[in-house]
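Remarks on the structure that follows.
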Amino acid sequence: MASGASTLPLLVRAFPFFYSFLPPWEARSLRLCCKDLAHIGACHCFKEIVFHLYKPDFERLRALADHPIISNHITALFYEAGSLVINGVNPYLDVNPEPAEAYLDEDEYRFETKDIGNRRRVHNCEENWLPRGAFDNLPITKEDLEGNYNQYLRAVDHQAQILWNREDYRLFEEVLPKLKGLEEIVVNHSIPVHPSPYDCFFAQPGSEMGAKQLQAVVHGLQGSELQLRSLCSRLIPPTLINARLFNQIARSCKGLTSLSLDFASEDYTDYSDEIHIHTEHTRRMIDTQIIQDCLKELLSLEYLSITFEAPRKLYFLSSLRGLIAPGFIWKNLREIQLSFIETEREELFNFFELHRSTLKVIRLHHCKLTTTSWVKLLWQMKGALDLNDICISGRVMGRLESGESYPDLKQLYDNYGYQIWWFGSPDNPAKSSVTAGITAWFLHDAPFPLVSGIQYDTASDDEPDDDSEGERP
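Residue 371 in our numbering sits at position 391 of the sequence shown, and the numbers go up by one each step.
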């Protein structure tokens, strides 16, 4: 070969293949080598973009959306939407907010410096505005904490201004129509799962009841003509269960094949009437069929997950029919996940049977059969369904039906005629848990687990304390 230059076209054509094996940060560095690699890298290095509720991240996203090549090859956005703004401040309603209401005062913030996780996270940040030796004290002294706390106040103010001025609405309205290849959006209202510009603070972003970051994203989807395939929102504030939001999802996301909605719960420290008020408000909103009407428009769904966090383990925040219209069928549904759902045996089985030709995975967590039996339901399901996986976990509640006697599993309590057990953890069930036993029985014809005389180990399954004994289910 007379000259190495003659091999360049072949190498350039091969680089898209090489790029697929490189982590994004390495692939992006290769873009600096030459114009050809810069163009190839633009197609392969920015497929998944993570950004936070943070002005510099907003500007970076705008720059990517304006790039003629990158904008067409971004396929997934992960929005870390957790807010540092606290105390129920609603930035969409408060015209003249009081800044002191939006953040932890100095004593509250100093208390957070005793948390081991907070200390480790802040210590690992290159810049944390703490003097050498600050971590020798527990809690950190006010003098040492002053610089970090002042930066925290600035960060809260910056986030609050984004929300109060609806800068997030304008961002998504401007950016989303430019991302022609976008297929997936994840909105996380909870503690960030990616490295965050707020890791240097002892307070962490989280789900704020007044913040409507998901609604800002859905607003940007309107009129964008995007063919979104997957939408996931984690820890959605219950205040967002409203007709406007779900009508927008139905209109803008008709091609979804995957929908995951995880609703947050307010944090209650006692058993006051507020728990009942929260539960009843959520139930009333769902019973208006807001979510049901939205789901009926998403005809292409293959994966559906609707989960709740209840203020107490015995509060079930939705009926099945409040979410899914009786008799409605998704022709391609392969996986369903539900939690804190109240239903009846025949109603739940009818849903499964309608989807028996496609349904392969079922996950149920903390579910209640109001007047019917789990034993009868499980045998019905096993006789009718051909599943690849099944997981029934958490506290399971049902009632005896005619001619039945329940097995003597580890029973938590028997209030108002209900039988309630801890089946096991959904994330890491012990091999001897009821959850694992049901899976083995259903998939591998192991012995049926809900019979008398079998002992189940729940100690390793993180069984919750029985501090809610005496509550009305």
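Glycine residues also receive a C-beta, built at the ideal position from the N, C-alpha and C atoms.
Quick caveat: nothing in here was measured; it's all calculated off a predicted structure.
- Counted as a single uninterrupted DSSP element, the beta strand (DSSP E) harbouring V167 occupies residues 164 to 168.
- Counted as a single uninterrupted DSSP element, the alpha helix (DSSP H) harbouring D87 occupies residues 86 to 91.
- Looking only at I96, D95, D179, the smallest Cα-Cα distance to C105 is reached by D179.
- Note on S405: 16 or more other CB atoms within 10 angstroms of its CB, so buried under the neighbour-count rule.
- Rounded to whole angstroms, G378 and M265 show a C-alpha spacing of 25 Å.
- Here F332 is not near I304, since their CB atoms are 8 Å or more apart.
- About 14 Å separates the beta carbon of Q193 from that of Q228, a gap too long to meet the 8 Å contact definition.
- The bridge partners DSSP lists for S373 are H345.
- Apart from sequence neighbours up to five positions away, the residues of its chain that approach R101 with a beta-carbon distance below 6 Å are D179, ordered along the chain.
- Beta-bridge analysis with DSSP links C274 to no other residue.
- By the neighbour-count criterion, in which 16 or more other beta carbons inside 10 Å mark a residue as buried, P3 falls on the exposed side.
- For the set S176, F152, I171, P175, the Cα lying nearest the Cα of I165 is the one of F152.
- About 6 Å separates the beta carbon of L284 from that of L239, a gap short enough to meet the 8 Å contact definition.
- Annotation for R42: L151, E154, V155 place their beta carbon closer than 8 Å to its own, counting only its chain and skipping 5 residues before and after.
- In this structure, T338 and N368 do not form a Cβ contact; the two beta carbons are roughly 12 Å apart against a cut-off of 8 Å.
- The DSSP-derived three-state label of Q141 is helix.
- Per DSSP, L241 is one residue of the beta strand (DSSP E) stretching across 238 to 243.
- In this structure, the CA atom of G200 is about 17 Å from the CA atom of N222.
- Contact between the segment 315 to 322 and the segment 335 to 352 is present: three or more C-beta pairs spanning the two stretches fall below 8 Å.
- Under the criterion of beta carbons closer than 8 Å, P185 and L110 do not qualify as touching, at roughly 20 Å.
- Taking 8 Å as the upper bound for CB-CB distance, S413 and F403 are in contact here, some 7 Å apart.
- In the DSSP assignment, the residues bridged to L211 are I165, L239.
- Here A61 is buried, its C-beta having at least 16 other C-beta atoms within 10 Å.
- Distance from the CA of I96 to the CA of L118, rounded to the nearest whole angstrom, comes to 10 Å.
- With respect to the C-alpha of I29, the residue from H335, A114, G161, F181 having the closest C-alpha is G161.
- Here the C-alpha atom of L423 lies approximately 12 Å from the C-alpha atom of G363.
- Taking all protein chains shown into account, R224 has fewer than 16 neighbouring C-beta atoms within 10 Å of its C-beta and is therefore exposed.
- Within the same chain, T352, S353, K356 come within 7 Å of E381 by CB-CB distance, once the 5 residues on both sides are set aside.
- With a minimum length of 4 residues, the unbroken runs of alpha helix (DSSP H) contained wholly in the segment 284 to 337 fall at 300 to 303, 325 to 334.
- Distance between I171 and S299, taken at the CA atoms: about 28 Å.
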